[in-house]
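Count along the sequence shown from 1, add 1, and you get the number used in the numbering used here. All remarks here apply to the structure that follows.
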Amino acid sequence: MSTSHRHSSITRREALRRGTLGAAGVFAAGALGPNAVPARADAPAPKPADEKAVRDDAARAKAKKGQTKSVIQIFLWGGMSHNDAWDPKPGTGYEYLGDFDNRFIPSNVDTVKLGYLFPKLAQQADKYSLIRSMTHGNNGHETAAYLMQTGHLPGGRLAYPSVGAIFTYFRREQYKGLIPPYVVMLQAAGRFSEEGFLGPAYKPFATGGDPNAARFEVEGIINRGIDDGRQRARRDLVDKVNMLGYGLSDTPEIAGAEEAKQRAYGLILGSGREVFNLDNESSALRDRYGRNTFGQECLAARRLVEAGVPYITISFPGGWDTHGGHFATMRSQCPMLDQGLATLLADLGERGLLDSTLVWCTGEFGRTPRISWEPPWNGGRHHHGDVFTVLVAGGGFKGGRVVGASDEKGEKVGTRPVYPADLLGSMYLLAGIDASAKLPHPWGLDAYVLDTEREGMKSAGMLEEIL
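Structure representation (structure tokens):
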């Protein structure tokens, strides 16, 4: 946080330093022997150290800044039930777990157990960590999604950019690839303008199409019904009849237009387009990811990472807004999520890409632990922002760990709350992005990557436990 944001002349770090020195003085006095002056019985108890400051300082000391080169975000629109997935509560009974009661499985990490629908992820638990105390208390789809993807309060005077747009902005000088730097498969599902006030240049490129189809028809790159030969013939014809700029190739304007044209051709017909051609992968690997839309999205995401794309979002097809038909949806969708995500983590690891690729998977919130059995829900779960689980892997995050805990029934935070700014701040730290950096607002307003203190948002400190 820059000095212009401080509300007092003493920073958290300075307060912590003074408190530490004070504690050291007490210990030193106690070591002086029988002549030491005892503490007064009516003296006020010393204030505990600021846990947020401790965590933030520890995070900055531990993190390898700049380790994250690319990010894959798997967004579970609608919010997946944490109780039935990555924070099982066996023994809480039919009222809370329905048919899934006591159906959990061990993993390859002794301290991590998952819902029974995630056997493949259970065998990859050493590669990821689970944040089981994620919280923001917001139960609205749009506002909760905004919170989780910007780290800012919804409803303010500024429409902040998403974490993907932030990554794109701070990578604008380094990334020179043909493919847009911020890619969403298949459609953006945040229900807000991900580019925010940064403008159209930072809007995500939505692929459309279906990577599991015979041909992944990426919008704007692959034209339905037009083969490559015909596309090239069209390009050649345009080049022959276009006399604009003839003899003026040395002028900056014409040279710039020609460069833009060649980049577009490279994307449509060249190496850029080939990134989306999943036929370049073996049939066995495609089967391993799962021959469904989500599985092939995960495979395409790995290929985009190899191409150096800074930020890739996978919007899980189908959604998780299970007010009704909850258990049928979980039985249908969890196996696809399990297979695709587990294979993605394994594949990134096998290719030496996981250390530099940060993967995070969450919805905008969780689902209510208590099941609504009454009509019209008939076994549904509702919006629950009080506590839910986020999976993070790679990019500098340790695997095989659990951060925080929900309470006995998964209804509230039990220990170590984690707020959106804590998670995003940790991600920015690993990417070498200054979370207190000022952003360019078109009207010149003060806007920062994160600004929890001035916005009055809760924060318990970055995720130093898994850095």
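C-beta atoms are modelled at their ideal positions from N, C-alpha and C, and glycine is treated no differently.
Can you look up S284 in the DSSP assignment and give me helix, strand or coil?
The residue given as residue 284 occupies position 283 in the sequence shown. Correct three-state label for S284: helix.
Taking Cβ positions, are V391 and M135 nearer each other than 7 Å?
For this step, residue 391 is matched to residue 390 along the sequence shown. For this step, residue 135 is matched to residue 134 along the sequence shown. For V391 and M135, yes; Cβs fall inside 7 Å.
In chain order, which beta strand (DSSP E) runs of at least 3 residues are fully inside the stretch 366 to 445?
389 to 394, 402 to 404, 414 to 416
Beta-carbon within less than 7 Å of H324's beta-carbon, same chain only, minus the 5 sequence neighbours each way: which residues are those?
Residue 324 sits at position 323 when you count from the first residue of the sequence shown. Answer for H324: W378, G381, H383, listed in chain order.
By a C-beta neighbour count over all protein chains shown, 10 Å radius and 16 as the cutoff for buried, is R402 buried or exposed?
Within the sequence shown, numbered from 1, the residue matching residue 402 stands at position 401. So R402 ends up on the buried side.
Would P91 pass as a contact of F105 if the rule is Cβ separation under 7 Å?
Counting from one through the sequence shown, the residue named residue 91 turns up at place 90. Counting from one through the sequence shown, the residue named residue 105 turns up at place 104. A contact, by the Cβ cut-off of 7 Å.
Counting C-beta neighbours from all protein chains within 10 Å, is the total for D280 16 or more, i.e. buried, or is it exposed?
By one-based count along the sequence shown, residue 280 stands at place 279. So D280 counts as exposed.
Going by Cα to Cα distance, which pick from T112, R158, H83, F76 is closest to T400?
For the purposes of this step, residue 400 is identified with residue 399 of the sequence shown, where counting begins at 1. Sequence check: residue 400 is Gly here, not Thr. Here the closest residue by C-alpha is T112.
Among G405, H385, R417, which has the Cα closest to the Cα of A146?
Translated into the one-based positions of the sequence shown, residue 146 becomes position 145. Per the Cα distances, H385.
Give the DSSP-derived three-state secondary structure of L187 in the structure shown.
By 1-based counting over the sequence shown, the position of residue 187 is 186. L187 falls in the coil class under three-state DSSP.
Distance cutoff 7 Å, beta carbons only. Does K439 sit that close to anything in chain B?
In the structure shown, chain B does not exist; there is a single protein chain.
In angstroms with no decimal places, state the Cα-to-Cα distance between L494 and L346.
Only positions 2 to 468 of the chain appear in the structure, and residue 494 is not among them; the question remains open.
Which residues bound the alpha helix (DSSP H) around M135?
The residue given as residue 135 occupies position 134 in the sequence shown. Segment 129 to 135 is the beta strand (DSSP E) holding M135; no alpha helix (DSSP H) there.
With three or more C-beta pairs closer than 8 Å as the rule, is the stretch 431 to 447 touching the stretch 403 to 411?
no
Sort N139, T314, T294 by Cα distance to S71 and report the nearest one.
The count along the sequence shown starts at 1 and reaches residue 71 at position 70. For the residues N139, T314, T294, the minimum Cα distance to S71 belongs to T314.
Given a cut-off of 7 Å, decide if E96 and P212 are closer than it, judged by their beta-carbon atoms.
Start at 1 with the first residue of the sequence shown, and residue 212 comes out as number 211. Start at 1 with the first residue of the sequence shown, and residue 96 comes out as number 95. No, the Cβ-Cβ distance between P212 and E96 is not below 7 Å.
How long is the line joining the alpha carbons of R303 and L349, rounded to whole angstroms?
Taking the first residue of the sequence shown as position 1, residue 303 is located at position 302. Taking the first residue of the sequence shown as position 1, residue 349 is located at position 348. A direct Cα-to-Cα measurement between R303 and L349 gives close to 7 Å.
For L425, which residues of its own chain have a beta-carbon under 6 Å away from its beta-carbon, when the five flanking residues on both sides are left out?
Here the question's residue 425 lines up with position 424 in the sequence shown. If we look at L425 and ignore the five residues flanking it on each side, its Cβ neighbours are G152, V164.
Need the endpoints of the alpha helix (DSSP H) that V55 sits in, please.
Residue mapping note: residue 55 aligns to position 54 of the sequence shown, counting from 1. Taken as a continuous stretch (DSSP letters only), the alpha helix (DSSP H) holding V55 covers 52 to 63.
Near P39, what residues of its chain come up, given a Cβ to Cβ distance below 6 Å and the 5 sequence neighbours on each side ignored?
For the purposes of this step, residue 39 is taken as residue 38 along the sequence shown, with counting starting at 1. The predicted position of P39 is uncertain, since its pLDDT is 38 and thus under 50; no value can be drawn from it.
Taking 7 Å as the threshold (C-beta atoms), are L305 and V184 in contact?
Position 183 of the sequence shown, counted from the first residue, corresponds to residue 184. Position 304 of the sequence shown, counted from the first residue, corresponds to residue 305. Yes, the pair counts as a contact, with Cβ atoms nearer than the cut-off.
What are the start and end residues of the alpha helix (DSSP H) that includes Q297?
As a working note, residue 297 is residue 296 in the sequence shown. Residues 294 to 307.
So what does DSSP say about T69, is it helix, strand or coil?
By one-based count along the sequence shown, residue 69 stands at place 68. For T69, the secondary structure class from DSSP, reduced to helix, strand or coil, is coil.
Could you compute how far the alpha carbon of D339 sits from the alpha carbon of G157?
As a first step, residue 339 is located in the sequence shown; it is residue number 338 there, counting from the start. As a first step, residue 157 is located in the sequence shown; it is residue number 156 there, counting from the start. The straight-line gap from Cα to Cα measures roughly 37 Å.
Going straight from the alpha carbon of A301 to that of D51, what length do you get?
Within the sequence shown, the letter at position 300 stands for residue 301. Within the sequence shown, the letter at position 50 stands for residue 51. Distance between the alpha carbons of A301 and D51 is about 43 Å.
Between the Cα of L122 and the Cα atoms of A343, N139, E365, G296, which residue gives the shortest distance?
For the purposes of this step, residue 122 is identified with residue 121 of the sequence shown, where counting begins at 1. Closest by alpha carbon: A343.
Counting pairs of beta carbons, one from the stretch 56 to 76 and one from the stretch 450 to 462, are three or more of them closer than 8 Å?
yes
If you follow the beta strand (DSSP E) that K114 is in, where does it begin and where does it stop?
Taking the first residue of the sequence shown as position 1, residue 114 is located at position 113. Start and end: 114 to 116.
Return the Cβ separation of L115 and S108 in integer angstroms, given the expectation that the two are a contact with Cβ distance under 8 Å.
Taking the sequence shown and counting its residues from 1, the one referred to as residue 115 is at position 114. Taking the sequence shown and counting its residues from 1, the one referred to as residue 108 is at position 107. Your pair L115 and S108 checks out as a contact, with CB atoms roughly 6 Å apart and the cut at 8 Å.
Going by the beta-carbon positions, is the gap between Y449 and K439 smaller than 7 Å?
Taking the sequence shown and counting its residues from 1, one reaches residue 449 at position 448. Taking the sequence shown and counting its residues from 1, one reaches residue 439 at position 438. For Y449 and K439, yes; Cβs fall inside 7 Å.
Quick one: residues in its chain with C-beta nearer than 6 Å to the C-beta of S9, no 5 flanking neighbours on either side, listed in chain order?
Along the sequence shown, read from residue 1 onward, the residue named residue 9 stands at position 8. Note that S9 scores a pLDDT of 38, beneath 50, so its modelled location is shaky and nothing firm can be said.
Which residue marks the beginning of the alpha helix (DSSP H) containing P336, and which one marks its end?
What you label residue 336 is simply residue 335 of the sequence shown in a count that begins at 1. First-last of the alpha helix (DSSP H) with P336: 327 to 351.
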